[in-house]
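Residue 1 is where the sequence shown starts when you use full-length UniProt numbering, and the numbers rise one by one after that. Think of the CB as a built atom: it goes at the ideal place given N, C-alpha and C, for glycine as much as any other residue.
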Amino acid sequence: MIEKTALILGATGGSGYAVARALLAQGWRIRALHRRPEEVCSLIPEVVWIKGDAMDTASVVAAAEGVCLIFHGVNPPGYKNWRKLVLPMLESTIAAARESGARIVLPGTIYNYGIDAGSLLNEATVQKPTTRKGAIRVAMEERLRDASEKDGVKVLIVRAGDFIGVEGKGAWFSQVMVKPGKPLRSLTYPGRPDVGHAWAYLPDFAKTIAQLVAIEDDLAPFDSYHFRGYWFDPGIGIAEQVRSVAGRSDLPIRSFPWWAIKLLSPIVPFCREVSEISGFWKNGMCLDNTKLVATLGAEPHTPVAQALRDTIEGLGCLPGR
1 MIEKTALILG
11 ATGGSGYAVA
21 RALLAQGWRI
31 RALHRRPEEV
41 CSLIPEVVWI
51 KGDAMDTASV
61 VAAAEGVCLI
71 FHGVNPPGYK
81 NWRKLVLPML
91 ESTIAAARES
101 GARIVLPGTI
111 YNYGIDAGSL
121 LNEATVQKPT
131 TRKGAIRVAM
141 EERLRDASEK
151 DGVKVLIVRA
161 GDFIGVEGKG
171 AWFSQVMVKP
181 GKPLRSLTYP
191 GRPDVGHAWA
201 YLPDFAKTIA
211 QLVAIEDDLA
221 PFDSYHFRGY
231 WFDPGIGIAE
241 QVRSVAGRSD
251 LPIRSFPWWA
261 IKLLSPIVPF
271 CREVSEISGF
281 WKNGMCLDNT
291 KLVATLGAEP
301 HTPVAQALRD
311 TIEGLGCLPG
321 R
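What follows is the structure, encoded as structure tokens:
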């Protein structure tokens, strides 16, 4: 096996951490860029941690020397400063890919689509964002396509729903549905109970990316795939499944206080950003993975009960754990 090297931007985040683990399992050498590597290097000891900032193009270019893959999983924390930070960070990655010849891998979201895009989204579905965050995500992908067409930068986008997994500590599941470190006393479901919702188990999502980059010669210069993951319809089914795997059929399932988020949105930037994406919890959008299955033969898929149990156990939410 030829040993390949990847640079992970955002290795302490949910998708970055999971992808680093998945690539390591496939024999890749991994580098990770972080502003304070001495504080996080124990998270993945097998990784070569490099001090640097994703906003500093020179740092990213230097860290990417000799790599054949750059995973761009870095995001501003807490939905803050997206407009000011997201595109400049992406420019650093594009510059590094241009210099190294590496393929950029971007984890995509459904925010690119308007809430009226339809119930089944494939790679050809027109992106007409209805939120500021969605517009920024579209701008990111358009910039990547431009870099691919004009500068020969190779790009792979793998789009998924909301993340499930111990790694995704900033995701809706681990921040809203359950309370990490606390035994389950209740569950909070953010969406309309009767509307479907898409979820992605991070280890499966990361394994999908590892399998796709392993067939580099079969990928288009600018390529994209949809990862289906788990489709709960009705959406409340995920909360009911959590009750089942926890052995707690009596757990209350509470609704998310969108009214309070909306009330605070004029004065609290975080609430404004969250309020803006509320429509994605009221309209079901399933990701069509036909292209992915045709390419890989099957989508990596952990049984949902196992994925949920591993997640809530890993988050410290099972009584007596």
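In this structure, Asp233 keeps its C-beta atom at 8 Å or more from the C-beta atom of Gly191.
Counting C-beta pairs closer than 8 Å gives three or more between the stretch 153 to 162 and the stretch 211 to 227, which meets the contact rule.
Taken through DSSP and simplified to helix, strand or coil, Ser255 comes out as strand.
Under the three-state reduction of DSSP output, Arg159 falls in the strand class. For Ser119, the three-state secondary structure derived from DSSP is coil. Within the DSSP secondary-structure output, Tyr230 pairs in a beta bridge with Trp199.
In the assembly as shown, Val153 is a buried residue. Its beta-carbon has 16 or more other beta-carbons within 10 Å. When the beta-carbon positions are compared, Met55 and Leu7 stay at least 8 Å from each other.
Around the beta-carbon of Asp204, 16 or more other beta-carbon atoms lie within 10 Å, marking it buried. In the DSSP assignment, Tyr113 falls outside any alpha helix (DSSP H), carrying neither H nor E.
Within the stretch 281 to 315, the complete alpha helix (DSSP H) segments at least 4 residues long are 290 to 296 and 304 to 314, listed from N- to C-terminus. Counting C-beta atoms within 10 angstroms of its own C-beta, Val178 has 16 or more neighbours from the protein chains shown and is therefore classed as buried. Contact annotation: Ala239 and Leu318 have beta-carbon atoms that are not nearer than 8 Å.
Under the rule that a run must span 3 or more residues, the beta strand (DSSP E) segments found entirely inside the stretch 36 to 74 read 48 to 51 and 69 to 72. In this structure Ser186 does not touch Leu144 by the C-beta definition: roughly 41 Å separates them, more than the 8 Å allowed.
The criterion of a C-beta distance shorter than 8 Å is not satisfied by Tyr189 and Ala307. Inter-segment contact for the stretch 25 to 39 and the stretch 48 to 62 is present: three or more beta-carbon pairs are separated by less than 8 Å. Ile312 sits close to Val242, with the two beta carbons spaced by under 8 Å. Taking Tyr113 as reference, the option from Pro300, Met285 and Leu296 with the minimal CA-CA separation is Met285.
Around the C-beta of Gly66, fewer than 16 other C-beta atoms lie within 10 Å, and the residue is accordingly described as exposed.
Take Ser278, set aside five residues on each side of it, and the residues of its chain with a beta-carbon closer than 6 Å to its own are Trp258, in chain order.
For Leu23, the three-state secondary structure derived from DSSP is helix.
In this structure, Ala62 is the residue among Gly118, Pro76 and Ala62 with its C-alpha nearest to the C-alpha of Ala95. Taking Thr130 as the centre and dropping the five residues before and after it, the same chain places the C-beta of Gly114 and Ile115 closer than 6 Å to its C-beta, in chain order.
If you draw a straight line from the Cα of Leu120 to the Cα of Gln127, it comes to about 13 Å.
Per the coordinates, the alpha-carbon of His301 lies some 20 Å from the alpha-carbon of Ile110.
Contact annotation, Thr12 with Leu43: C-beta distance approximately 6 Å; criterion of less than 8 Å satisfied.
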